[in-house]
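Trainee: This structure is in structure tokens; I'll ask about it shortly.
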Amino acid sequence: MIRAARSASDGVPTPPKVALPSKPLAGKAPAVASKAAAADVTRRSALGDVVALLLSPVVIAWGAFLTSLTASGLAVARFMMPNVLVEPPTKFKIGPPNDYAPGTVSTKWQAQFNVWVVNGEVDGAQMIYALSTVCTHLGCTPNWLEGEQKFKCPCHGSGFYKNGVNFEGPAPRPLERVGIRLAEDGMLEVDKSVKFQKELGQWSNPSCFVGVA
Numbered sequence: 001m002i003r004a005a006r007s008a009s010d011g012v013p014t015p016p017k018v019a020l021p022s023k024p025l026a027g028k029a030p031a032v033a034s035k036a037a038a039a040d041v042t043r044r045s046a047l048g049d050v051v052a053l054l055l056s057p058v059v060i061a062w063g064a065f066l067t068s069l070t071a072s073g074l075a076v077a078r079f080m081m082p083n084v085l086v087e088p089p090t091k092f093k094i095g096p097p098n099d100y101a102p103g104t105v106s107t108k109w110q111a112q113f114n115v116w117v118v119n120g121e122v123d124g125a126q127m128i129y130a131l132s133t134v135c136t137h138l139g140c141t142p143n144w145l146e147g148e149q150k151f152k153c154p155c156h157g158s159g160f161y162k163n164g165v166n167f168e169g170p171a172p173r174p175l176e177r178v179g180i181r182l183a184e185d186g187m188l189e190v191d192k193s194v195k196f197q198k199e200l201g202q203w204s205n206p207s208c209f210v211g212v213a
């Protein structure tokens, strides 16, 4: 009987053991939170130290000094290397006389050299001369009006004949002639460094015209 009972008991399978979840260790989560809080405080402290350093009088003074030094250096560099303004030459060649037909006004050199070249009759003689494009009133630039055969200033209405003599508007005197000559190579050469005024009797000077046949 005992054997039978044992056999019967031996034939019954033993239920498996179930592992129960372990309980979290007390105090572990608060420790992690405490470390994170400490790190945040450290970061804030370091940031505060950096801000305090940047705002310290010594750093501000050095910053102002370096800024002033940079500005001074730029000023010195500008003084040592000033802007170079390229001015047009006062003497330049404008081609041979036959480029300018009798009775015409050429505006070819107006934009580049501020002169008009005129081939006109003066006192019965045909000659080529160069007129300054500067109005004798307030320095504006008149326009050549081919249809009306006159120079007309757009600023205040001064008018000049083809030969440069003023006849209307507030301009007090004729346009000025500039130097012109026939160079050795047969080209006309204008010299803007020399001016000739009619009211001073200077238009009779042979340096301000070139006679043509």
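The numbering used here numbers the first residue of the sequence shown as 1 and each following residue consecutively. Think of the CB as a built atom: it goes at the ideal place given N, C-alpha and C, for glycine as much as any other residue.
(1) Going along the chain, which unbroken runs of the beta strand (DSSP E) with 3 or more residues stay wholly within the segment 126-187?
(2) State the DSSP-derived secondary structure class of asparagine 98, mapped to helix, strand or coil.
(3) When we look at the beta-carbon of glutamate 176 and count the other beta-carbons within 10 Å, is it buried (16 or more) or exposed?
(4) If we call anything under 8 Å between Cβ atoms a contact, is phenylalanine 209 one with glutamine 202?
(5) Which one of Gln149, Asp191, Asn98 and Lys198 has the shortest CA to CA distance from threonine 136?
(6) How is phenylalanine 113 classed by DSSP in three states: helix, strand or coil?
(7) Given a cut-off of 8 Å, decide if phenylalanine 167 and proline 142 are closer than it, judged by their beta-carbon atoms.
(8) Tell me whether the beta-carbon of valine 115 lies closer than 8 Å to the beta-carbon of valine 178.
(9) Which word fits alanine 213, buried or exposed, when buried means at least 16 other C-beta atoms lie within 10 angstroms of its C-beta?
(10) Cα separation between histidine 156 and leucine 138?
Mentor: Walking through what the data contain:
(1) Counting whole runs of 3 or more residues, the segment 126-187 contains the beta strand (DSSP E) stretches 143-145, 150-152, 159-161, 166-168 and 177-182.
(2) Helix at asparagine 98.
(3) Using a 10 angstroms sphere on the CB of glutamate 176, the tally of other CB atoms reaches 16 or more, which defines it as buried.
(4) Annotated as distal: phenylalanine 209 and glutamine 202, with beta-carbon spacing of 8 Å or more.
(5) Sorting Gln149, Asp191, Asn98 and Lys198 by C-alpha distance to the C-alpha of threonine 136 places Lys198 at the top.
(6) Looking at phenylalanine 113 - three-state DSSP - the assignment turns out to be helix.
(7) Cβ distance not < 8 Å, so proline 142 and phenylalanine 167 don't count as in contact.
(8) With a cutoff of 8 Å on beta-carbon distance, valine 115 and valine 178 are scored as near each other.
(9) With fewer than 16 neighbouring CB atoms inside 10 Å of its own CB, alanine 213 falls in the exposed class.
(10) Cα to Cα, the separation comes out at about 9 Å.
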